[in-house]
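Enquirer: So the working numbering is basically just the index in the sequence shown, starting at one, shifted up by 199.
Positions of the beta carbon are idealized from the N, C-alpha and C atoms, including for glycine.
Predicted model only: the values in this text are computed from it and were never measured.
Have a look at this one.
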Amino acid sequence: NDKDGDKEKDHASGKAAPVPLALEMGPQAAMVVMNPTTRQVLALVGGYDFRPGGFDRSQRAARLPGSAFKPIVYAAAIESRKFTAATIVNDAPDVYDRWKPQNYEKEEFRGPVRVRTALAHSINTVAIKLMEQVGIPAVKDVAGRVGITSPIANDVGLALALGATTVHPLELANVYATFAAGGMRAPPQLVTRLGDQPVEYPVAVEGLQPDVAYVVVSLMRSVLQEGTAASAGGRLRRPAAGKTGTSNGMRDAWFVGFTPDLLAAVWVGFDDQRKLGRGEAGSKTALPIWTEFMTKALTGQPIRDFAQPPGVVVQRIDKATGLLPPPGKEIGADSFDEVFLQGTVPAETAPAPGQEKSADELLLEQ
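Laid out in structure tokens, this is it:
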């Protein structure tokens with residue numbers, strides 16, 4: 200036939216005959232969209248392959264969440280009442296049994312920072328120190344209560360603070376829904392009716408007290424206001440909370456975020472655990488997908504804020520020390536409003552100008 204003749208001509212002329220190209224599959228992505236209050240799953244994206252029987256990554260891919268696990272650590276810290284959003288913790292290098300954890304910026308450390316700032320900027324050293332103080336069992340307990348169903352290894356150690364345990368995208372989305380729903384845990388609702396019959400699901404139970412959940416949501420709001428997802432907060436222009444996540448070696452990129460009415464979780468990665476590439480963190484790879492979807496999905500929808508439950512108080516705090524502002528400094532750029540569990544507001548007042556204690560002195564007093 201003509202095609203065979205063309206091949207022979209190409210061969211005779213010394214030209215290479217054309218061959219079909221096998222394009223390498225790029226990274227995969229998964230997405231879960233749900234109503235955080237009812238837990239109704241509104242959409243699932245399992246990957247780029249739409250063939251029947253294809254692998255549904257949204258429900259079946261077991262991946263490392265990286266820093267997207269940190270809100271669970273912070274929830275345990277807030278629940279313990281040993282820490283508040285204003286507590287100062289030292290972001291500095293430390294060694295744990297020959298393990299020297301790094302921040303995302305490798306050798307960059309900020310020194311004393313408030314707990315709120317640490318989550319907003321996803322500071323690894325602080326998450327580890329919080330877990331060390333409250334205990335690994337406490338963090339595992341909170342993880343189970345907010346919806347982690349995948350097993351956590353007994354020997355995971357402090358690396359759990361950085362997400363050293365696998366989860367499924369739907370599972371992690373449901374965990375964040377527990378925070379968004381005021382601490383109420385319930386299973387995701389994938390099917391609401393079978394024929395004419397409604398599907399009954401277990402009733403929601405309290406995984407976290409509403410005041411603890413609210414403080415954690417408030418911390419996650421700072422992620423979009425000033426932290427690793429600030430680019431999304433500027434576009435969304437409504438109350439929202441969430442957390443970026445990047446696993447070790449840039450193999451998984453996550454963003455899970457929500458408003459009071461809508462939650463979406465995004466994961467990006469290779470099926471064979473290859474690295475995504477230099478700089479392909481959750482904020483660069485997963486966050487833009489989340490932002491694009493949420494911006495369009497919420498267009499024209501009413502803007503609602505997260506309801507503050509009983510047991511939460513708002514107190515003006517000195518920005519540098521995390522203590523009460525000195526007299527005359529209650530208003531201005533040196534202080535700000537912070538949320539606390541009732542009974543955890545600091546009793547001490549920050550030194551007046553000229554009498555300040557060093558950050559090291561403040562850390563020694565804790």
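(1) Express the C-alpha separation of Pro487 and Leu220 in angstroms, rounding to a whole number.
(2) Within its chain, find whatever has a CB closer than 8 angstroms to the CB of Ala549; leave out the 5 residues flanking it on each side and keep chain order.
(3) Do Tyr375 and Val511 come within 7 angstroms of each other at the CB atom, strictly closer than that value?
(4) How would you call Gly499, buried or exposed, if buried means at least 16 neighbouring beta carbons within 10 angstroms?
(5) Assign Val402 to one of three DSSP states: helix, strand, or coil.
(6) In chain order, what are the residue ranges of uninterrupted alpha helix (DSSP H) at least 4 long that sit wholly in the stretch 236 to 322?
(7) Select from Glu405, Val244 and Thr237 the residue whose C-alpha is nearest the C-alpha of Trp489.
(8) Quick one: what does DSSP say Asp451 is sitting in, helix, strand or coil?
(9) With distances taken from CA atoms, which of Gln514, Phe268 and Val366 is nearest Arg256?
(10) In the stretch 334 to 397, which residue ranges form an unbroken alpha helix (DSSP H) of at least 4 residues, counting only runs that do not cross its ends?
(11) Where does Asp410 fall in DSSP's three states?
(12) Note down the Cα distance separating Ala546 from Thr391, rounded to an integer number of angstroms.
(13) For a minimum of 4 consecutive residues, which ranges assigned as the alpha helix (DSSP H) are wholly contained in the stretch 490 to 514?
(14) Roughly how many whole angstroms lie between the Cα atoms of Pro459 and Phe505?
(15) Take Ala342 and list the residues in its own chain whose beta-carbon comes closer than 6 angstroms to its own, dropping the five residues that flank it on each side.
(16) Quick check on Lys299: buried or exposed, where buried means 16 or more other Cβ atoms within 10 Å of its Cβ?
(17) Is it buried or exposed for Leu222, if we count other Cβ within 10 angstroms and need 16 for buried?
Expert: According to the structure data:
(1) Here Leu220 scores only 45 on pLDDT, less than 50, and its place in the model is too uncertain to base an answer on.
(2) Asp517, Ala519, Thr520, Leu522, Leu523, Pro524, Pro525, Lys528 and Glu555
(3) no
(4) exposed
(5) coil
(6) 256 to 259, 269 to 279 and 314 to 319
(7) Val244
(8) strand
(9) Val366
(10) 335 to 345 and 368 to 379
(11) helix
(12) 50 angstroms
(13) none
(14) 6 angstroms
(15) Ile271
(16) exposed
(17) With a pLDDT of 43 at Leu222, under the threshold of 50, the predicted position of this residue should be treated as unreliable, though the coordinate-derived value follows. The residue is exposed, with fewer than 16 neighbouring Cβ atoms inside 10 Å.
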